[in-house]
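Numbering (UniProt numbering), first residue to last: 1 to 137.
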């Protein structure tokens, strides 16, 4: 079973704490709350469960140093893989709002800006664009 690591930026951790404090129910009528959905996908990632491309996660755009999206029924979490089996979560938001307002490009550009501001070496921005590049299944 693969060993996977999960990190979050300071802003992402604050966003996550707010989701926990708010105890938000699913907007889609899913039985699990928003925070339970996030907990489930993060737990599955950490323990090495198989992740299905486009269902559980996906590369937003095939490009050098891509941004990846983790998906739950209600939420989208954006970040990158600086190394195989290591994800850094940077932003999260409601899936319906992101889709309705076509915010994918904006999140992608924000993560690129964030990595520049962090002065990350190029090798810490990740280059994998396929699931096999970024996680061991």
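A virtual CB, placed ideally from N, CA and C, is assigned to each residue, including glycine.
I'd like to know if the stretch 52-70 and the stretch 18-29 are in contact, where contact means that at least 3 CB-CB pairs between them fall below 8 Å. With a cut-off of 8 Å, the stretch 18-29 and the stretch 52-70 do not count as touching, because too few Cβ pairs lie within range.
For the candidate residues 84, 15, 46, whose alpha-carbon lies nearest to that of residue 125? It is 84.
To the nearest angstrom, how far is the alpha carbon of residue 47 from that of residue 38? Their backbone Cα atoms lie some 14 Å apart in a straight line.
Using a Cβ-Cβ cut-off of 8 Å (strictly less than) and excluding sequence neighbours within five positions of residue 27, which residues of its own chain qualify? Closer than 8 Å at Cβ, skipping near neighbours: 74, 94, 96.
Residues near residue 70 by beta carbon distance below 6 Å, same chain, minus five either side: 41, 57, 77.
Suppose you measure from the CA of residue 16 to the CA of residue 3; what does that come to, to the nearest Å? When rounded, the distance between both Cα atoms is 23 Å.
Taking the alpha-carbon positions, what's the residue 8 to residue 31 distance? The straight-line gap from Cα to Cα measures roughly 26 Å.
Whole-angstrom distance between residue 13 and residue 35, CA atom to CA atom: Take the alpha-carbon of residue 35 and the one of residue 13: they are about 12 Å apart.
Taking buried to mean at least 16 other C-beta atoms within 10 Å of its own C-beta, is residue 55 buried or exposed? Answer is exposed; the Cβ neighbour count stays below 16.
Just to confirm the assignment: which complete beta strand (DSSP E) runs, minimum length 3, are found wholly within the stretch 91-133? If we require 3 residues or more, the stretch 91-133 turns out to have no beta strand (DSSP E) run fully inside it.
Tell me the start and end of each unbroken alpha helix (DSSP H) in the stretch 2-84 that is at least 4 residues and wholly inside, in chain order. Here the runs fully enclosed are 10-22, 34-47.
Closest by C-alpha distance to residue 33, when choosing among 118, 123, 72, 99: Residue 33 has its Cα closest to that of 72, out of 118, 123, 72, 99.
So, helix, strand or coil for residue 135, using DSSP? The answer is coil: DSSP assigns residue 135 none of H, G, I, E or B.
Buried/exposed call for residue 121, threshold 16 Cβ in 10 Å: Result: exposed.
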